[in-house]
Amino acid sequence: MTPAEIAETTERLVASGAADIDAASSAEKLDEVERALLGKASPLNEIRKLMKDVAEADRPEIGKNVSAARATLEQKVADRRAALTKAARALSLVEDRLDLTIGGRGYRRGHLHPVTRIWRELEDVFVGMGYRVAEGPEVELDWYNFEALNFPPGHPARAMQDTLYVKLGEPEQVMLRTHTSPVQVRVMERQPPPIYVVALGRAFRRDTLDARHSPVFHQIECLTVDRGITLGHLLGTIEMFVHALFGPNISARFNPSYFPFTEPSAEFAMTCVFCEGEGCTVCSRTGWVELGGCGMVDPNVFRAVNIDPEEYTGFAFGFGIDRLVQLLYGVDHIKNLWDGDVRFAAQF
Ligand code: DAH
Numbered sequence: 004m005t006p007a008e009i010a011e012t013t014e015r016l017v018a019s020g021a022a023d024i025d026a027a028s029s030a031e032k033l034d035e036v037e038r039a040l041l042g043k044a045s046p047l048n049e050i051r052k053l054m055k056d057v058a059e060a061d062r063p064e065i066g067k068n069v070s071a072a073r074a075t076l077e078q079k080v081a082d083r084r085a086a087l088t089k090a091a092r093a094l095s096l097v098e099d100r101l102d103l104t105i106g107g108r109g110y111r112r113g114h115l116h117p118v119t120r121i122w123r124e125l126e127d128v129f130v131g132m133g134y135r136v137a138e139g140p141e142v143e144l145d146w147y148n149f150e151a152l153n154f155p156p157g158h159p160a161r162a163m164q165d166t167l168y169v170k171l172g173e174p175e176q177v178m179l180r181t182h183t184s185p186v187q188v189r190v191m192e193r194q195p196p197p198i199y200v201v202a203l204g205r206a207f208r209r210d211t212l213d214a215r216h217s218p219v220f221h222q223i224e225c226l227t228v229d230r231g232i233t234l235g236h237l238l239g240t241i242e243m244f245v246h247a248l249f250g251p252n253i254s255a256r257f258n259p260s261y262f263p264f265t266e267p268s269a270e271f272a273m274t275c276v277f278c279e280g281e282g283c284t285v286c287s288r289t290g291w292v293e294l295g296g297c298g299m300v301d302p303n304v305f306r307a308v309n310i311d312p313e314e315y316t317g318f319a320f321g322f323g324i325d326r327l328v329q330l331l332y333g334v335d336h337i338k339n340l341w342d343g344d345v346r347f348a349a350q351f
């Protein structure tokens, strides 16, 4: 190649290189273009190699030309790189923008499960009457669940409560408590009268799940032991809490019944809260809904815990909390209460 040809080629390389640099649309593409224009295998480098074939006198001129071409392209690459970086930054400022003015989605405040709410209301009512809240274990011994409550071994009343036994110790001695009544015994063993306690908690029976029965359910138990406690105190206390929870139009009714640990024993009902006694489908047109059992503490129970039945008398009652909640909120199936489905719980 003649020096003139070399000069012309160099000029063309700069022109087409400049076009390629301008066309590079990203930093990666620009890197590629830079390698092609200025790298080892670039045409500009090849021209340098041709130098040895030109006359010595022409060499400085050509060398200067090539260096200038190189410098021009390098500068163009640097400018293009700066422009691309600036554009990318401007784009990310738009795209990654966090709009803090949009306002939140707000939050929904939860609330207590209906059974927890009634549980606490019951506690409040009884604490307000001077009662203390007591607790007992859910896994219970035969002594507390049955024997001390005057259900001797083999007593037919045991058959009223389908029991879930726990494989621990002697056979059929350890069980899931079938009611909250064993807490009565635990409290009386621990403290002398006067006793005014309520115990709320879980109870378990080998019941098949249906609309009103669940193998796991909740009860409240009340125990009062003092000198001179009469049936009148029992009736009055139940009437009191029914009024406290439901207002003056709802009252209590008692029917004779049998429980081994009370004598006399009764079942009690309250006025149907839906029809206020008129009779509706909820109360099977009777105007009343059954709540639970009650009675005067049987002297045998006092003897089991070394309380003198000649000196002290007492009353007790117990009923299902889930059942009460079902009634209050019109929950048709008990399993709805315990499915853990938030769409159900959110309705209350
Ligand atoms: N524990 C009984 C049950 O689960 C209910 C009951 C009846 C509790 C009479 C009492 C009572 O305290 O005096 O069926």
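Offset between the sequence shown (1-based) and the numbering used here: plus 3.
Cβ atoms here follow ideal geometry from the backbone N, Cα and C, with glycine treated the same way.
Please report how far the alpha carbon of E242 lies from the alpha carbon of G107, in whole angstroms.
Translated into the one-based positions of the sequence shown, residue 242 becomes position 239. Translated into the one-based positions of the sequence shown, residue 107 becomes position 104. Looking at the two C-alpha atoms, the distance is approximately 50 Å.
In the DSSP assignment, what are the bridge partners of T227?
Translated into the one-based positions of the sequence shown, residue 227 becomes position 224. DSSP lists Y199, F318 as partners of T227.
Looking at C-beta atoms only, is the number of pairs between the segment 130 to 148 and the segment 256 to 268 that lie closer than 8 Å three or more?
With the cut-off at 8 Å, the segment 130 to 148 and the segment 256 to 268 do not touch.
Look at the Cβ atom of Q222, then the Cβ atom of F322, and state whether they are nearer than 8 Å.
Along the sequence shown, one-based indexing puts residue 222 at 219. Along the sequence shown, one-based indexing puts residue 322 at 319. Yes, the Cβ-Cβ distance between Q222 and F322 is below 8 Å.
In whole angstroms, what separates the C-alpha of R112 from that of I310?
One-based indexing of the sequence shown puts residue 112 at position 109. One-based indexing of the sequence shown puts residue 310 at position 307. Each residue's alpha carbon lies about 49 Å from the other.
By a C-beta neighbour count over all protein chains shown, 10 Å radius and 16 as the cutoff for buried, is S43 buried or exposed?
What you label residue 43 is simply residue 40 of the sequence shown in a count that begins at 1. In the sequence on display, residue 43 carries Lys and not Ser. Exposed is the call here.
Kindly provide the ranges of any alpha helix (DSSP H) runs that are 4 or more residues long and lie completely inside the segment 253 to 340, ordered along the chain.
Qualifying alpha helix (DSSP H) stretches, in chain order: 302 to 307, 324 to 332.
With distance defined between alpha-carbon atoms, name the residue in G66, D342, G204, K79 nearest to D34.
Walking along the sequence shown from the start, residue 34 turns up at place 31. Looking at the Cα atoms, K79 is the closest of the given residues.
Alpha carbon to alpha carbon, how far is E313 from G239? Give it in angstroms, no decimals.
Counted from its first residue, the sequence shown places residue 239 at position 236. Counted from its first residue, the sequence shown places residue 313 at position 310. Between G239 and E313, the C-alpha separation is close to 23 Å.
Going by alpha carbons, who is nearest to R209 out of T75, A162, H246?
The residue you call residue 209 lines up with position 206 of the sequence shown. Ranking the options by Cα distance to R209, first place goes to A162.
Which residues does DSSP pair with H182 in a beta bridge?
Position 179 of the sequence shown, counted from the first residue, corresponds to residue 182. Paired residue(s): none; H182 is not in a bridge.
To the nearest angstrom, report how far apart L340 and I324 are at their CA atoms.
Working through the sequence shown from its first residue, we reach residue 340 at position 337. Working through the sequence shown from its first residue, we reach residue 324 at position 321. When rounded, the distance between both Cα atoms is 11 Å.
Going by C-alpha distance, which of P263, L47, D342 is nearest H158?
Locating residue 158 in the sequence shown gives position 155, where the first residue counts as 1. For the residues P263, L47, D342, the minimum Cα distance to H158 belongs to P263.
Helix, strand or coil: which one does DSSP assign to G204?
Walking along the sequence shown from the start, residue 204 turns up at place 201. It is a strand residue.
Keeping to the same chain, check which residues put their C-beta closer than 7 Å to that of L414; ignore five residues upstream and five downstream.
The question about residue 414 has no answer, for the chain in this structure spans 4 to 351.
Scan the segment 89 to 144 and note each continuous alpha helix (DSSP H) run of 4 residues or more that stays entirely inside, going in chain order.
Listed in chain order, the complete alpha helix (DSSP H) runs (minimum 4 residues) inside the segment 89 to 144 are 117 to 131.
Within the same chain, show all residues whose beta-carbon is closer than 6 Å to that of E192, passing over the 5 residues directly before and after it, in chain order.
Locating residue 192 in the sequence shown gives position 189, where the first residue counts as 1. The answer, listed in chain order, is V308.
Taking only heavy atoms of the ligand DAH into account, decide whether any of them is closer than 7 Å to the Cβ of F149.
Reading the sequence shown from its first residue, position 146 is the one you call residue 149. Every heavy atom of the ligand DAH is 7 Å or more from the Cβ of F149, so no.
For Y315, which residues in the same chain have their Cβ closer than 8 Å to its Cβ, ignoring the five residues on either side in sequence?
As a first step, residue 315 must be located in the sequence shown, where it is residue number 312. P196, V228, D229, R230, I232, F305, listed in sequence order.
Indicate whether A269 and E293 have their beta-carbon atoms separated by less than 8 Å.
Here residue 269 refers to the residue found at position 266 of the sequence shown. Here residue 293 refers to the residue found at position 290 of the sequence shown. Taking 8 Å as the Cβ cut-off, A269 and E293 do not qualify as a contacting pair.
What would DSSP say about H221, mapped onto helix, strand or coil?
Taking the first residue of the sequence shown as 1, we reach residue 221 at position 218. Residue state, collapsed to three classes: strand.
Is it true that the segment 80 to 88 meets the segment 15 to 34, where meeting means three or more beta-carbon pairs spaced less than 8 Å apart?
These segments touch.
Pop quiz: L179 and L167 are said to be a contact at Cβ under 8 Å. What is the actual Cβ separation, rounded to whole angstroms?
Locating residue 179 in the sequence shown gives position 176, counting from the first residue. Locating residue 167 in the sequence shown gives position 164, counting from the first residue. Between L167 and L179 the Cβ distance is about 4 Å, and since that is below 8 Å, they are a contact.
Starting from A30 and walking both ways along the alpha helix (DSSP H), at which residues does that stretch end?
What you label residue 30 is simply residue 27 of the sequence shown in a count that begins at 1. Note, A30: alpha helix (DSSP H), 30 to 41.
Hey, would you say the C-beta of T265 is under 7 Å away from at least one heavy atom of the ligand DAH?
Position 262 of the sequence shown holds residue 265. The answer is yes for T265.
Where DSSP assigns a beta bridge to L167, which residues make up the other side?
On the sequence shown, position 164 is the one that residue 167 refers to. DSSP output for L167 lists L179 as bridge partner(s).
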